[in-house]
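There are 2 protein chains.
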Amino acid sequence: MVFDSETMKGTVDMLATSDHSSVVSITLFVTLLCACIVIGHLLEENRWMNESITALIIGVGTGVVILLISQGKSSHLLVFSEDLFFIYLLPPIIFNAGFQVKKKQFFRNFMTIMMFGAFGTMISFTIISLGAIVFFGKMDVGLAIGDYLAIGAIFAATDSVCTLQVLNQDETPLLYSLVFGEGVVNDATSVVLFNAVQNFDLSHISTAVAFQLIGNFFYLFISSTVLGVVTGLLSAYVIKTLYFGRHSTDREVAIMMLMAYLSYILAELFSLSGILTVFFCGIVMSHYTWHNVTENPRITTKHTFATLSFVAEIFIFLYVGMDALDIEKWRVASNSPKTSVAVSATLLGLVMAGRAAFVFPLSFLSNLTKKAQHEKIGLKQQVTIWWAGLMRGAVSMALAYNQFTKGGHTQERGSAIMITSTITVVLFSTVVFGLMTKPLVRFLMPPHSLLRMISTDSLTPKSFAVPLLGESLDSEADLFLGNGITSESREIIRPNSLRMLLRTPTRTVHYYWRKFDNAFMRPVFGGRGFVPFVPGSPTEQSVHNNWPEEPKQ
Amino acid sequence: MVFDSETMKGTVDMLATSDHSSVVSITLFVTLLCACIVIGHLLEENRWMNESITALIIGVGTGVVILLISQGKSSHLLVFSEDLFFIYLLPPIIFNAGFQVKKKQFFRNFMTIMMFGAFGTMISFTIISLGAIVFFGKMDVGLAIGDYLAIGAIFAATDSVCTLQVLNQDETPLLYSLVFGEGVVNDATSVVLFNAVQNFDLSHISTAVAFQLIGNFFYLFISSTVLGVVTGLLSAYVIKTLYFGRHSTDREVAIMMLMAYLSYILAELFSLSGILTVFFCGIVMSHYTWHNVTENPRITTKHTFATLSFVAEIFIFLYVGMDALDIEKWRVASNSPKTSVAVSATLLGLVMAGRAAFVFPLSFLSNLTKKAQHEKIGLKQQVTIWWAGLMRGAVSMALAYNQFTKGGHTQERGSAIMITSTITVVLFSTVVFGLMTKPLVRFLMPPHSLLRMISTDSLTPKSFAVPLLGESLDSEADLFLGNGITSESREIIRPNSLRMLLRTPTRTVHYYWRKFDNAFMRPVFGGRGFVPFVPGSPTEQSVHNNWPEEPKQ
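Shown next, in the form of structure tokens:
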């Protein structure tokens, strides 16, 4: 996601007006962040609200106050900056998601997630683009063909930040991993599509161009993933080899944070998808690096990553809320209020239709590949997946600003309408759809059915503890594996290779992965049970076997 | 420290050149930070090196490489930005210093610290300014009277960041608290002097102006301290009242971080000394707020603050190292190489003379007030204090850029010479003086005499555990108080008020402070022993008495 230099102006404008006003806006933001956290805490028990909606409402409220105080000319203090968003706020959120994600669920549903994220987004993109061409053409909005395709890419991007807020990993693990995983892949897809729309010669759409697009997508996906995995492994190796813990907790924490960020910024440097990279870096770090550090850095990194992500999320929603009142665009767009309303409504409709057009068919296809009843995606779950992915957020805003403004400013009527409509769709979908998601999830899936998979292990990020035997997730094998004892210490019934692979491919792949992991990866990169036990580390809840230093197995 | 809007250009230049180049420079910085940490770790045992010198050398090396690659025109990528320094890098360092400082030592030496920091800096300022007027006038550098006074203020600022690196709090607690405490106060003094030089009408220096200066200093000192204390208490009250721990660790950590930063940025907003504010906020937070959160946030905040401070320090030295090669100023200054060298040497000499002129006389005065031999500052210690405060760092650089450049650029000969001389003094004093400090401390004070006060409590920041009885620091009373049991639970011999106050003022004040703290402050704001015991919190090493929830005494 390397955007052209024009897009930097937003940051510059925000920072440059003057030193004093930048201090004022930082003070304002920090105060509002504190307010959001306190209010979010007080509203914790409320079944409708969540932190993002609170932040959005406070943001809009503050925007109104600023507008009133400055008598309608304050938009410059808080121009939306893509750079701030993509370079500073998004990485901690996605990294933390990878760091805390239940890897078991994520890899079990890997194929479904890929299907939703890649093919689904393309379907959604096609429908929204076609719809835009048909409807907006009639409305005389005054956009070119490239703009219509860009609209498709912009509104195909599900807001994974918002999804993280409304779905609960512990309550609905399957849905969470599907919707969130889809969100991560989906982001890569939209960015590829968006760049393609901006770069390709659209007057000659041919099969070659289509193949180029698909090739580009796979290149992006694979190279981003590899970069994330390599950076994560490097961090594990560095920390294991030097074993900083003997000297300094702070060095371990600093190295983990810096290398996580390095993976993202390297991906940006190579024009890859930083989101995919940092997500996989998070997964690798929680599997290897996290186990190589001593006890205090474990607690510290776990909570620090979560806190940074939490603050960045609130910051984004505050920011979007405030920016929604950027008076310049509204003034231009308000000359044709009917068109604006019609465009916003049409976009909302297209987003809903585009998502429905892939969630239900692809769920059906996914169900065909599953044997066990409990692994299938039921109709109620399909509705929830459809619903939870309707929210559009900061990613859509950033792409829309990139397409329709020059450095945060626009005077053209068509562009102004698109910006205001994007803001309307983002606000409406986040607030209205967001408000209704919690009750909807509760209505469709009552709590008693949700409770069976709540994790009791609140400290240790789950490692690859997929049960090797039987179907039950709560099997003793799982619990046993979850307690820090590697599978070598137990007798394992080998799966009957080929037949097993055909029947339960994911599990067989997992079995061989685990063998490979224990034989080659862990001795080199560390991980659970492969670092020396530190006596007296007080919060280590698992059973330690006093591993000898660096066992070679 | 609110500078005029011109100074923003540095940030803008750095960020604005283009999106891609900002990604490149971020990647470069993050990679170099990782390299510094790893190399710093490998050089841990080396008695000469420390992390700041490593970072400075790596920074200069990278600067050379960039210069060679760009064939001598790369200075714009990394223009020194005061804003980045004062708004983002300095606050975590100073906050952490306040958070981890041994309060006992700090408050015991409070009067000496104030004398050194305020009067000492003024003496130093006078000598450097007068010296500059005398010597630079002869050299025909071409500066105005205001510039000479500014030079006095710039070079009166001891680099507290560098001091933190070369002195060890556990090995030399008295020296550390004196030199570091002086550095914090000293910074406020230099900034007041610097602003005074820029704002006052210097052609009419009168007694009135001098009194105004002194009044300004006291106003700044007191209001900054009060702001820091109030923000810290507010954070303690908010966390204690809402008791976030029941719901979310991340909220507690986020509130602590945000409110700490808020104190700094509020001080900047009101044109106070953010450094003093955030330092006292750190002290209050470690005394109250830190005890109000649950176990995991305690570990997390302690290590996160330390890590952020650590990374910010390395970042600053890298940055200064790279910026040292800013080719533009060197080109202008190189037309008169002899003058440049003479100016740098003169400045170094003046810095040393200015510091000697207050350290030895003020130490003598301080010793007159102390009765006990071990509380006096010996000659060897005086030499160390003098030496450890000779380093000039990023604060001097930032002030020099503010005075002698417009947005990081200069073409005037006199200004260019001053900038290059500042860089020379900073590099020379940090590297040469810095390299020699560790050996010097070891030579003047051999390790066996240093060991007696090494703290064994590595987790809990020391609280106000001044011994109430006897002279010995290692008395049982101290150990007992240090274990989390408030003084109420033991019988205390009341000091014989007035006589006691005259003989040992600090201790008597402390006794009444402690009474007040336990009777009024702790019940409201929490603190050690005044928050409910969380069963099973594994790393709590102190003896818990199972306090009832919110005891009212």
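Residue numbers (the working numbering), protein chains in the order written: chain A, 44 to 596; chain B, 44 to 596.
The C-beta atom is built at its ideal place from N, Cα and C for all residues, glycine as well.
Query raised in the report: If we ignore side chains and look at the alpha-carbon of each, how far apart do Gly104 (chain B) and Phe178 (chain B) end up?
Result: Along the second sequence, read from residue 1 onward, the residue named residue 104 (chain B) stands at position 61. Along the second sequence, read from residue 1 onward, the residue named residue 178 (chain B) stands at position 135. Distance between the alpha carbons of Gly104 (chain B) and Phe178 (chain B): 33 Å.
Query raised in the report: Residues in the stretch 290-314 of chain B with C-beta within 8 Å of chain A's C-beta atoms, listed in sequence order?
Result: Listed by position, the residues of the stretch 290-314 of chain B near chain A (Cβ gap below 8 Å) are His290, Ser291, Thr292, Asp293, Arg294, Val296, Ala297, Ile298, Met300, Leu301, Met302, Tyr304, Leu305, Ile308, Leu309, Glu311 and Leu312.
Report task. List the residues of chain B whose Cβ lies closer than 8 Å to the Cβ of Leu285 (chain A), in chain order. Result -> Stepping through the first sequence from its first residue, residue 285 (chain A) is reached at position 242. One finds Val81, His84 and Leu85 in chain B with Cβ atoms closer than 8 Å to the Cβ of Leu285 (chain A), taken in chain order.
Query raised in the report: Which residues mark the beginning and the end of the alpha helix (DSSP H) in which Ala253 (chain A) is found?
Result: Within the first sequence, residue 253 (chain A) is the residue found at index 210, counting from 1. Its alpha helix (DSSP H) spans residues Thr250 to Leu285.
Requested in this report: In the DSSP assignment, find the alpha helix (DSSP H) that holds His346 (chain A) and state where it starts and stops.
Outcome: Against the first sequence, residue 346 (chain A) aligns to sequence position 303. Unbroken alpha helix (DSSP H) run through His346 (chain A): Glu338 to Asp366.
Query raised in the report: DSSP on Ile420 (chain A), reduced to helix/strand/coil?
Result: Taking the first residue of the first sequence as 1, we reach residue 420 (chain A) at position 377. Three-state result, Ile420 (chain A): coil.
Query raised in the report: So is the beta-carbon of Met488 (chain B) under 6 Å away from any non-hydrogen atom of the ligand ZN?
Result: For the structure depicted, the ligand ZN is absent and the ligand set is empty, with no information on it obtainable.
Query - chain A contact for Ala443 (chain B) (CB, 7 Å cutoff) - result: Taking the second sequence and counting its residues from 1, the one referred to as residue 443 (chain B) is at position 400. Output row for Ala443 (chain B): interface = no.
Requested in this report: Tell me where the alpha helix (DSSP H) around Ser377 (chain A) begins and ends.
Outcome: Counted from its first residue, the first sequence places residue 377 (chain A) at position 334. No alpha helix (DSSP H) contains Ser377 (chain A), which DSSP labels as neither H nor E.
Query raised in the report: So what does DSSP say about Met488 (chain B), is it helix, strand or coil?
Result: Locating residue 488 (chain B) in the second sequence gives position 445, where the first residue counts as 1. In the structure shown, Met488 (chain B) sits in coil (DSSP, three-state: anything other than H, G, I, E or B).
Query - Which of helix, strand or coil DSSP assigns to Asn93 (chain A) - result: Taking the first sequence and counting its residues from 1, the one referred to as residue 93 (chain A) is at position 50. It is coil, neither helix nor strand.
Query raised in the report: chain A beta carbons: is any one of them nearer than 7 Å to that of Val354 (chain B)?
Result: Taking the second sequence and counting its residues from 1, the one referred to as residue 354 (chain B) is at position 311. In terms of beta-carbon proximity, Val354 (chain B) lines the interface with chain A, with at least one pair separated by less than 7 Å.
Query raised in the report: Hey, Leu442 (chain B) and Ala187 (chain B) are a contact pair by Cβ (cut 8 Å); roughly how many whole angstroms apart?
Result: As a position in the second sequence, residue 442 (chain B) is number 399, starting the count at 1. As a position in the second sequence, residue 187 (chain B) is number 144, starting the count at 1. About 16 Å separates the two Cβ atoms, so there is no contact after all.
Query raised in the report: How many Å lie between Ser409 (chain B) and Phe486 (chain B) at the Cα?
Result: As a working note, residue 409 (chain B) is residue 366 in the second sequence. As a working note, residue 486 (chain B) is residue 443 in the second sequence. Ser409 (chain B) and Phe486 (chain B): Cα-Cα distance of roughly 24 Å.
Query - Three-pair Cβ contact test at 8 Å for the stretch 349-356 of chain B versus the stretch 348-358 of chain A - result: no
Requested in this report: In angstroms with no decimal places, state the Cα-to-Cα distance between Val272 (chain B) and Leu71 (chain A).
Outcome: Walking along the second sequence from the start, residue 272 (chain B) turns up at place 229. Walking along the first sequence from the start, residue 71 (chain A) turns up at place 28. For Val272 (chain B) and Leu71 (chain A), the distance between alpha carbons rounds to 20 Å.
Query - Listed by chain order, chain B residues near Leu76 (chain A) by CB distance under 7 Å - result: As a working mapping, residue 76 (chain A) is identified with position 33 in the first sequence. Those within 7 Å of Leu76 (chain A) in chain B are Leu301.
Query raised in the report: Applying the criterion that 16 or more other CB atoms from any shown protein chain within 10 Å of the CB defines a buried residue, is Gly569 (chain A) buried or exposed?
Result: Position 526 of the first sequence, counting from 1, holds the residue named residue 569 (chain A). With 16 or more other Cβ atoms within 10 Å, it is buried.
Query raised in the report: Hey, does Met44 (chain A) have any beta-carbon neighbour from chain B nearer than 7 Å?
Result: Taking the first sequence and counting its residues from 1, one reaches residue 44 (chain A) at position 1. Note that Met44 (chain A) scores a pLDDT of 35, beneath 50, so its modelled location is shaky; the value from the coordinates is reported in the next line. Nearest CB-CB separation between Met44 (chain A) and chain B: not below the 7 Å threshold.
Query raised in the report: Are there 16 or more other CB atoms within 10 angstroms of the CB of Ser249 (chain B), so buried, or fewer, so exposed?
Result: As a position in the second sequence, residue 249 (chain B) is number 206, starting the count at 1. Exposed, since its Cβ has fewer than 16 Cβ neighbours within 10 Å.
Query raised in the report: Secondary structure at Asp293 (chain B), three-state DSSP: helix, strand or coil?
Result: In the second sequence, counting from the first residue as 1, residue 293 (chain B) sits at position 250. Helix at Asp293 (chain B).
Query raised in the report: Mind checking whether Ser291 (chain B) and Thr332 (chain B) have CB atoms under 7 Å apart?
Result: Start at 1 with the first residue of the second sequence, and residue 291 (chain B) comes out as number 248. Start at 1 with the first residue of the second sequence, and residue 332 (chain B) comes out as number 289. Between Ser291 (chain B) and Thr332 (chain B), the C-beta spacing is not below 7 Å.
Query raised in the report: CA-CA distance, Met157 (chain B) and Ala231 (chain B)?
Result: Locating residue 157 (chain B) in the second sequence gives position 114, where the first residue counts as 1. Locating residue 231 (chain B) in the second sequence gives position 188, where the first residue counts as 1. Distance between the alpha carbons of Met157 (chain B) and Ala231 (chain B) is about 11 Å.
**Report entry** Euclidean distance between Cα positions of Ile170 (chain B) and Ser387 (chain B)
**Finding:** Here residue 170 (chain B) refers to the residue found at position 127 when the second sequence is read from its first residue. Here residue 387 (chain B) refers to the residue found at position 344 when the second sequence is read from its first residue. Using only the alpha carbons, I get a separation of about 16 Å.
Query raised in the report: Alpha carbon to alpha carbon, what distance is there between Pro134 (chain B) and Val281 (chain A)?
Result: One-based indexing of the first sequence puts residue 281 (chain A) at position 238. One-based indexing of the second sequence puts residue 134 (chain B) at position 91. If you take the alpha carbons of Val281 (chain A) and Pro134 (chain B), they lie about 29 Å apart.
Query raised in the report: Given Met395 (chain B), which residues of its chain have a CB within under 7 Å of its CB, disregarding the five upstream and five downstream residues?
Result: The count along the second sequence starts at 1 and reaches residue 395 (chain B) at position 352. Taken in chain order, the residues that qualify are Leu433.
Query raised in the report: Roughly how many whole angstroms lie between the Cα atoms of Leu483 (chain A) and Thr427 (chain A)?
Result: What you label residue 483 (chain A) is simply residue 440 of the first sequence in a count that begins at 1. What you label residue 427 (chain A) is simply residue 384 of the first sequence in a count that begins at 1. Taking the straight line from one Cα to the other gives about 8 Å.
Report task. Starting from the beta carbon of Val66 (chain B), find every residue of chain A whose beta carbon is closer than 8 Å, and list them in chain order. Result -> Along the second sequence, read from residue 1 onward, the residue named residue 66 (chain B) stands at position 23. Those within 8 Å of Val66 (chain B) in chain A are Val45, Ile130, Ile308, Glu311 and Leu312.
Query raised in the report: For Tyr304 (chain B), which residues of its own chain have a beta-carbon under 7 Å away from its beta-carbon, when the five flanking residues on both sides are left out?
Result: Within the second sequence, numbered from 1, the residue matching residue 304 (chain B) stands at position 261. Excluding positions up to five away in sequence, the list reads Pro134.
Query raised in the report: If we cut at 7 Å on Cβ distances, does Tyr219 (chain B) have a partner in chain A?
Result: To locate residue 219 (chain B), count along the second sequence from 1; it is residue 176. By this cut-off, Tyr219 (chain B) is not an interface position.
Requested in this report: Count the other C-beta atoms from every protein chain shown that fall within 10 angstroms of the C-beta of Thr412 (chain A), then say buried if there are 16 or more, exposed otherwise.
Outcome: Translated into the one-based positions of the first sequence, residue 412 (chain A) becomes position 369. Looking at its Cβ environment, which holds fewer than 16 other Cβ atoms inside 10 Å, Thr412 (chain A) is exposed.
Requested in this report: Please compile the residues from chain A whose C-beta is within a distance smaller than 8 Å of the C-beta of Pro340 (chain B).
Outcome: Mapped onto the second sequence, residue 340 (chain B) falls at position 297. In chain order: His346.
Query raised in the report: Looking at the unbroken alpha helix (DSSP H) that takes in Ala196 (chain B), where does it start and where does it end?
Result: Counting from one through the second sequence, the residue named residue 196 (chain B) turns up at place 153. Membership of Ala196 (chain B) in the alpha helix (DSSP H) is indicated by the continuous run Ile188 to Phe198.
Query raised in the report: By Cβ distance, which residues of its chain are closer than 6 Å to Ile137 (chain B), with the 5 residues on each side in sequence left out?
Result: If you number the second sequence from 1, residue 137 (chain B) lands on position 94. So the qualifying residues of the chain are Ile318, Val321 and Phe322.
Query raised in the report: Between Pro510 (chain B) and chain A, is there a C-beta pair that is closer than 7 Å?
Result: Taking the second sequence and counting its residues from 1, the one referred to as residue 510 (chain B) is at position 467. Confidence in Pro510 (chain B) is poor, its pLDDT being 32 and thus under 50, which makes the residue's placement unreliable; the coordinate value appears in the next sentence. Chain A contact via Cβ: absent.
Requested in this report: Measure the C-alpha to C-alpha separation of Gly421 (chain A) and Glu295 (chain A) and round it to an integer number of angstroms.
Outcome: In the first sequence, residue 421 (chain A) corresponds to position 378, counting from 1. In the first sequence, residue 295 (chain A) corresponds to position 252, counting from 1. The straight-line gap from Cα to Cα measures roughly 44 Å.
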